[in-house]
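Working notes for the structure below.
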Amino acid sequence: MAVVDPVADMLTRIRNAYGAYHKDVAIPTSKMKSSIAGILKEEGYITDYAVEDRDISITLKYVDGKPLITGLKKVSKPGRRVYVGASDIPRVQNGIGICIVSTSKGLLEGAKAKEANVGGELLCEIW
């Protein structure tokens, strides 16, 4: 059976791996998922990621034995897409977290999308 929402599947796999205190997690590969993994690495939420043949291997990050990511939320869903303009990009958890926006310039972290003055589909929030 095909996955209806691949990004939600990726977030759920990461959430479950953190809940089970796994060191790493394997996710079926796609360009969008590897872009999201790149943003997570750039923002310091994961240690590393590697795109292998059919999977993306994400090495999770822990601080003093506790998961660095405490929350993952899918905002735009297949049944209800959420689009935001550059001025409407939200601050996540009062600036503690990030949001990922799918723009015409590719996937961008919320602050970078706001800085570039581009809006788009608000994919998810991570804190």
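First residue of the sequence shown: 15, per my numbering; consecutive thereafter. Glycine residues also receive a C-beta, built at the ideal position from the N, C-alpha and C atoms.
In terms of alpha-carbon separation, which member of E129, S116, Y76, V77 lies closest to Y97? On the sequence shown, position 83 is the one that residue 97 refers to. Of the candidates E129, S116, Y76, V77, the one whose C-alpha sits nearest the C-alpha of Y97 is S116.
Buried or exposed, going by whether 16 or more other CB atoms sit within 10 Å of the CB of E66? By one-based count along the sequence shown, residue 66 stands at place 52. Burial call: exposed.
Label G93 either buried or exposed according to how many other C-beta atoms from any shown protein chain fall within 10 Å of its C-beta, with 16 as the threshold for buried. Within the sequence shown, residue 93 is the residue found at index 79, counting from 1. Burial call: exposed.
Starting from K55 and walking both ways along the alpha helix (DSSP H), at which residues does that stretch end? Sequence index remark: in the sequence shown, residue 55 carries index 41 (1-based). Unbroken alpha helix (DSSP H) run through K55: 45-56.
Does the beta-carbon of K37 have 16 or more other beta-carbons within 10 angstroms, so that it is buried, or is it exposed? The count along the sequence shown starts at 1 and reaches residue 37 at position 23. K37 is exposed by the Cβ-count criterion.
For I112 and A31, the rounded distance between their alpha carbons: Numbered from its first residue, the sequence shown carries residue 31 at position 17. Numbered from its first residue, the sequence shown carries residue 112 at position 98. Answer to the nearest angstrom: the Cα atoms are 20 Å apart.
Nearest to G133 (by Cα), restricted to the options I140, W141, E139, I114: Translated into the one-based positions of the sequence shown, residue 133 becomes position 119. When each option's Cα is compared against that of G133, the closest is I114.
Any chance you could list the beta strand (DSSP E) runs of at least 3 consecutive residues sitting entirely within the segment 61-89, in chain order? 69-74, 86-88
In whole angstroms, what is the alpha-carbon distance linking P139 and I60? Your numbering for residue 139 matches position 125 in the sequence shown. Your numbering for residue 60 matches position 46 in the sequence shown. A small fix is needed here, since residue 139 is Glu in this sequence, not Pro. Rounded to the nearest angstrom, the two C-alpha atoms are 15 Å apart.
With DSSP as the reference, identify every bridge partner of R94, one or two as the case may be. What you label residue 94 is simply residue 80 of the sequence shown in a count that begins at 1. Looking at the DSSP assignment, R94 forms a beta bridge with K91.
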